[in-house]
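S.K.: What follows is a structure written as structure tokens; I'll ask about it next.
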Amino acid sequence: MVEYYHYSTREKNRRCRRELLTKARHDRYNNFCLFGVMNMLLNVQDLVSRRAQITLKESVDVTEAYRDVRDVKPLGPLTAELTAAYSGGLIDVSGTLDCKLQFQCSRCLDPIEEAWRVPFHAIFKVVSKERLDKDRLDEEDSEDEDILSIKDEPLELLPYIEEELMLSMPLAPICKDDCKGLCPECGQNRNAKECGCDREKTDLRFDALKDWFGSNN
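Under the working numbering, the first residue of the sequence shown carries the number 29, and numbering increases by one thereafter.
Here it is as structure tokens:
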């Protein structure tokens, strides 16, 4: 199992990275589908009134999050095991996200199946509807933006879960450390067999430079 530990720093950076992912958020409902529920709600009012920990464990469908992502495919539901606690006006949600994903090797293009584990941690501040917009404006200029302002109503955790999972993805996954990749000449997968192409072949544009270095040795 691959364990990828990713901890975000500031909410400003998270918003910038969301834009780079070009992943639109959609309203979701408590509907079951092929790969589990389509949302994961936290009852904020119940948590605040009880002032006790709430444990959430759910199989969540994340296929929508990867619909427009190339070379990554979920092979089943994501299992989210989270604990939510309220203290000092803040809601702290932490736990782990587990799922099985299929990547494409960046060298040989073969599929890779990985059991993926990502830690999750988010802090929310419950505010009134009137203060929510003001707090969001203040967050844009604040140096400490790890605390997210939310309304006193059921909190949809799925967008934050999807975001954390997306940000944990490797930029250039490889099937194995010594993957030989594809031959640049004929395209043969060199892990399967060697193609016999001349890999000493150089670009003709660099022949003069090669001769110059040779004459000075």
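Here a beta-carbon is modelled for each residue, glycine too, at the ideal position from N, C-alpha and C.
Thinking Phe131 and Val100 are a contact (beta carbons under 8 Å), I'd like their distance in whole angstroms, please.
M.R.: That pair is a contact at about 6 Å.
S.K.: State the start and end residues of the unbroken beta strand (DSSP E) segment that holds Pro147.
M.R.: 139-155 is the extent of the beta strand (DSSP E) around Pro147.
S.K.: Since Val121 is in the beta strand (DSSP E), which residue starts that stretch and which ends it?
M.R.: Val121 -> beta strand (DSSP E) spans 118-132.
S.K.: Between which residues of its own chain and His54 is the CB-CB distance below 8 Å, once the five residues before and five after are set aside?
M.R.: With a pLDDT of 36 at His54, under the threshold of 50, the modelled position of this residue cannot be trusted, and the question is left open.
S.K.: Just checking Ser87 against the ligand ZN - is the residue's beta carbon closer than 7 Å to any of the ligand's heavy atoms?
M.R.: The model on display carries no ligand, and the ligand ZN is accordingly not part of it.
S.K.: With DSSP as the reference, label Ser77 as helix, strand or coil.
M.R.: It is helical.
S.K.: Sort out for me which residues DSSP pairs Val100 with in a bridge.
M.R.: DSSP lists Phe131 as partners of Val100.
S.K.: Quickly, what does DSSP pair Val72 with across the bridge? List them, please.
M.R.: Looking at the DSSP assignment, Val72 forms no beta bridge with any residue, so it has no partner.
S.K.: By the three-class DSSP mapping on this structure, what secondary structure does Glu190 have?
M.R.: Glu190 falls in the helix class under three-state DSSP.
S.K.: For Ala200, which residues of its own chain have a beta-carbon under 6 Å away from its beta-carbon, when the five flanking residues on both sides are left out?
M.R.: Cβ within range, chain order: Ser134.
S.K.: My understanding is that Lys128 touches Glu109, with C-beta atoms under 8 Å, so please give their C-beta distance in whole angstroms.
M.R.: The pair is not a contact, with the Cβ atoms about 16 Å apart (cut-off 8 Å).
S.K.: Once you ignore the five residues that flank Glu213 on each side, which residues in its own chain have a CB closer than 7 Å to its CB?
M.R.: Cys225.
S.K.: As a quick exercise: from Leu118, Val88, Lys208, pick the residue whose alpha carbon is nearest that of Asn67.
M.R.: Ranking Leu118, Val88, Lys208 by Cα distance to Asn67 puts Val88 first.
S.K.: Along the beta strand (DSSP E) that carries Tyr94, what are the first and last residues, could you check?
M.R.: Looking at the DSSP string, Tyr94 is not in any beta strand (DSSP E), and its letter there is neither H nor E.
S.K.: Should Ile151 be labelled buried (16 or more other beta-carbon atoms within 10 Å of its own) or exposed?
M.R.: Answer is exposed; the Cβ neighbour count stays below 16.
S.K.: Buried or exposed: Ala80, going by 16 or more other Cβ atoms within 10 Å of its Cβ?
M.R.: Looking at its Cβ environment, which holds fewer than 16 other Cβ atoms inside 10 Å, Ala80 is exposed.
S.K.: Using the C-alpha atoms, what's the distance from Leu69 back to Glu191?
M.R.: About 16 Å.
S.K.: Label Ala220 either buried or exposed according to how many other C-beta atoms from any shown protein chain fall within 10 Å of its C-beta, with 16 as the threshold for buried.
M.R.: Flag for Ala220 reads exposed.
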